[in-house]
Amino acid sequence: MSSFSHAGRIGAGLVLALIGLPAGVASADPGPSSVTLAAHEQPKPARPTLEAIKQRAARDGIPLEQAVKDYISTTAATRTVAASAQPDGPVDTPDVMVDDLHAGEIEDLTRIAAAEGIGLTAAIDGIAWQGQFEKVAAQLEAEFPADFAGAVKNDDSAWFAFKADVPAKAVELARTLPVRVDLVGDRGFSERELSAAAEAAHTAVLADPAVEDAATSYDVRTGTVIVETRSSAPLSAQDLLPRAALEAGMHIQVTQVDKVSQPEDKYIRGGGSLGSCTSGFNLKYIYSSTKRHATAGHCGQSAATRTYSNHSTKGGWTKVNRVWWHIGAWGDLSYYTVGSKSPTRTFYHDWNKTRYADDRSPMPSVGTRICHFGITSGGSCAKVARRDVSSGSMRHMVVMDKDISEPGDSGGPWYYGGMAYGIHFGLIGGKSSFTPAYLYQNRGYDVWHR
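Right under this line is the structure:
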């Protein structure tokens, strides 16, 4: 499609315009109804098993990571697992809990800790509560759609904002989180309105004949619509936001870049090889038992038939046929038949390592840690930097805070623990990006999970 750039990376941008209200009227300033819940007054999780493992690690002089791994493997070896608990057979990640932490989540936390050099204890303290945070954010967005103005997770705090007063329900829900929580009122606009302003700006930019490609997102904390564009002439941001949006406290920033977006081309289960792409999760039709195999839309666009291959320890391959592909309002998605293999609710989270998908996430919040597997890069994790991003004709994309992917990773699974998040696209703004998996519901499908 003409809106895609198929080579290169995004270069450093030149900010062309930043338009908004004077600093004294900036919507990022806390409103009079703002509430802060101090960290020391928030509930803390009780993890007696983890504490015992920490004591053993200190006594034996071994890293906590090794002690936790030993506990999980020993516990798994001594337990009998009911067949109903593993409907598609055994996987490499055992169903062992360390207090409230599943072995799959601990595997991801260990990977994040190693990559960021923070240690497993710090990773657990800073990240393991994100599931609670996501539930609170989703509930607030669902119950107060006209007032919810965004949510951001930091390692040691959470931030929620509202167009007008902070609802009492928001304070009640925020009191369940184990960290400091800032609830900001009187923002002047909702996230829905900020998203609509970003969509209007994106449409206007793409209509300019000088524009070759563009990606548009927004920052809920500053109320800024961010447009990255590749164009043959400088653009003026003056008319991209209506006066009502500016008066509400929104801003717009237009940046000229070298490249905007880049797809990454190069039993059946998610994370296997599809030739020049990676396979995503298996899907189930909501109204019947029909199964399909997910991957990226541009992978489906480029090949009507592909060869699916398991990793080496599982072995085997099968031909799969494209059923549907899409690049547009529902992101970058496609699905294929499952060939001669039996579909499962499992996926590869690393080379030759399988895990069950246990749930499927809605649109993730900014600050959420999510991991990815690609047939070229392997497994790695990053943090959500932008959500509900428009890039070219694609909508509702999620962009991470760094590039952790390579050509050939397209279509691969994004996950955290057993939670399925999305299908890998490639790069937007030079950062790894994916399509949220919930968008398959527009076709009557959803991630097949336990």
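Numbered according to mature numbering (1 follows the signal peptide of the UniProt record, and there is no 0), the sequence shown spans residues -28 to -1, 1 to 422. All C-beta atoms in this analysis are idealised placements derived from N, C-alpha and C, irrespective of residue type, glycine included.
With contact defined as three or more Cβ pairs closer than 8 Å, the region 6 to 18 and the region 142 to 158 are in contact. Checking the DSSP bridge columns, you'll see Gln234 partnered with Leu399. Per the coordinates, the alpha-carbon of Arg164 lies some 42 Å from the alpha-carbon of Pro20. Within the same chain, Val177, Thr201, Ser203 come within 6 Å of Val183 by CB-CB distance, once the 5 residues on both sides are set aside. One alpha carbon belongs to Tyr410, the other to Lys263, and they sit about 16 Å apart.
Between Lys231 and the set Gly402, Gly247, Pro408, Lys286, the nearest pair of CA atoms involves Gly402.
Here Asn414 carries a helix assignment [DSSP, helix/strand/coil].
Here the alpha carbon of Lys374 sits roughly 9 Å from the alpha carbon of Ser405.
As summarised for the region 246 to 327, the continuous alpha helix (DSSP H) elements at least 4 residues long and confined to that stretch are 269 to 274, given in chain order. A direct Cα-Cα distance of roughly 17 Å separates Phe319 from Ser312.
Under the criterion of beta carbons closer than 8 Å, Val361 and Pro336 do not qualify as touching, at roughly 12 Å. Separation of Ala136 and Trp297 (C-alpha to C-alpha, rounded to the nearest whole angstrom) is 41 Å. Contact check for Gly244 against Tyr190 fails: the beta carbons are separated by 8 Å or more.
For Val338 against Lys125, the beta-carbon gap comes to about 7 Å, under 8 Å, which counts as contact. The C-beta separation of Ala209 from Ile224 comes to about 5 Å, placing the pair in contact by the 8 Å criterion.
Contact between Thr267 and Ser248 does not hold, since their C-beta atoms are separated by about 11 Å, which reaches or exceeds 8 Å.
Within its own chain, the residues whose Cβ lies closer than 7 Å to the Cβ of Ala217, once the five positions on either side in sequence are excluded, are Ala169, listed in chain order. Going by C-alpha positions, Arg317 is about 6 Å away from Trp420.
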